[in-house]
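K.L.:
Residue numbers for the sequence shown, in UniProt numbering: 1 to 133. Glycine included, C-beta positions come from ideal geometry on N, C-alpha and C. Computed from a prediction, not measured in an experiment: that's the story for all the values here.
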Amino acid sequence: MKYKSTRHVKYLCNYHFVWIPKYRKAVLEPIAEELKQTLINIAEELGCDVLTIEIMQDHIHLFVNCPPRYAPSYLANYFKGKSARQILKKHPELKIKDGLWTRNYFVATAGNVSTETIKKYIESQKVKEDEEE
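Shown next as C-alpha cells:
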C-alpha cells in the first residue's frame, strides 16, 4: 500500500466499514452488483479508493482508503445515506419501515501492515457464507 498525498499531507487512511439492513434482513444478494457499483461511484465522488467490497446477504464490508479530511463517522453516514437513496429509488420494495440501513455500523482503521489481512478476511467471508448454505 502506497502513501497518498495532498498539497500539505501525506497519508494512509484505510477504513473497514461494516453495516446491515434494518432487522438484518437478507435482502442484498439480488442487488449485490448494483450496490457494489453504487458504493464505488460514491467513493470516487469523495476521492476515496475502494480496496475491497463484499456484499453479503445481510451485511456489507467496505474497505476504503480516504483522504484525512473526512472523519470516519462522516464517511459511514455518507456511504450509507447516499447508497440507500440511490438503491431505494430503483428498488422501493427494499424499503424496511423508514429506510434501508440501521443507524449502526462498525469501523476499524488499518495501517500498512494489516491491509492484506483485512482484504483476505473480507474476501473469505463470501466463501465462508457459501459453505454454510
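What number of angstroms, rounded off, separates the C-alpha of glutamate 44 from the C-alpha of glutamine 37?
P.N.:
As a first step, residue 44 must be located in the sequence shown, where it is residue number 44. As a first step, residue 37 must be located in the sequence shown, where it is residue number 37. Looking at the two C-alpha atoms, the distance is approximately 11 Å.
K.L.:
By the DSSP assignment, the beta strand (DSSP E) with leucine 51 in it spans what residues?
P.N.:
Within the sequence shown, residue 51 is the residue found at index 51, counting from 1. Where leucine 51 is concerned, the enclosing beta strand (DSSP E) stretches over 49-55.
K.L.:
Do histidine 59 and valine 18 have their C-beta atoms closer together than 8 Å?
P.N.:
The sequence position of residue 59 within the sequence shown is 59, counting from 1. The sequence position of residue 18 within the sequence shown is 18, counting from 1. Yes; because the gap between Cβ atoms is below 8 Å, this pair is in contact.
K.L.:
Sort Ser5, Asn65, Lys120 and His61 by Cα distance to cysteine 13 and report the nearest one.
P.N.:
Stepping through the sequence shown from its first residue, residue 13 is reached at position 13. Answer by Cα proximity: Asn65.
K.L.:
If the criterion is Cβ atoms closer than 8 Å, does the pair proline 68 and valine 9 meet it?
P.N.:
The sequence position of residue 68 within the sequence shown is 68, counting from 1. The sequence position of residue 9 within the sequence shown is 9, counting from 1. Yes; because the gap between Cβ atoms is below 8 Å, this pair is in contact.
K.L.:
Assuming isoleucine 118 and phenylalanine 63 make a contact with CB atoms under 8 Å, what is their CB distance in whole Å?
P.N.:
By one-based count along the sequence shown, residue 118 stands at place 118. By one-based count along the sequence shown, residue 63 stands at place 63. 6 Å between Cβ atoms; contact.
K.L.:
What does DSSP give as the partner residues of asparagine 14 in its beta bridges?
P.N.:
Taking the sequence shown and counting its residues from 1, one reaches residue 14 at position 14. DSSP, once it has assigned bridges, lists Asn65 and Ala110 as partnering asparagine 14.
K.L.:
Taking only the alpha-carbon atoms, compute the straight-line gap between methionine 56 and leucine 35 and give it to the nearest angstrom.
P.N.:
Within the sequence shown, numbered from 1, the residue matching residue 56 stands at position 56. Within the sequence shown, numbered from 1, the residue matching residue 35 stands at position 35. Whole-angstrom Cα-Cα distance: 11 Å.
K.L.:
Please return the same chain residues whose Cβ sits closer than 8 Å to the Cβ of asparagine 104, not counting the five positions on each side in sequence.
P.N.:
One-based indexing of the sequence shown puts residue 104 at position 104. Contacts found: Trp19 and Ile20.
K.L.:
Alpha carbon to alpha carbon, what distance is there between glycine 111 and lysine 2?
P.N.:
Walking along the sequence shown from the start, residue 2 turns up at place 2. Walking along the sequence shown from the start, residue 111 turns up at place 111. Each residue's alpha carbon lies about 11 Å from the other.
K.L.:
Grab the span of the alpha helix (DSSP H) containing glutamate 93 for me, first residue to last.
P.N.:
Looking up residue 93 in the sequence shown gives position 93. Run containing glutamate 93: none; DSSP gives neither H nor E here.
K.L.:
So who's on the other strand from arginine 99, going by DSSP bridges?
P.N.:
The residue you call residue 99 lines up with position 99 of the sequence shown. Here the sequence assigns glycine to residue 99, which means arginine is not the residue at that position. Bridge partners of glycine 99: Ile96.
K.L.:
In this structure, how does DSSP classify isoleucine 60 when only helix, strand and coil are distinguished?
P.N.:
Within the sequence shown, residue 60 is the residue found at index 60, counting from 1. Residue state, collapsed to three classes: strand.
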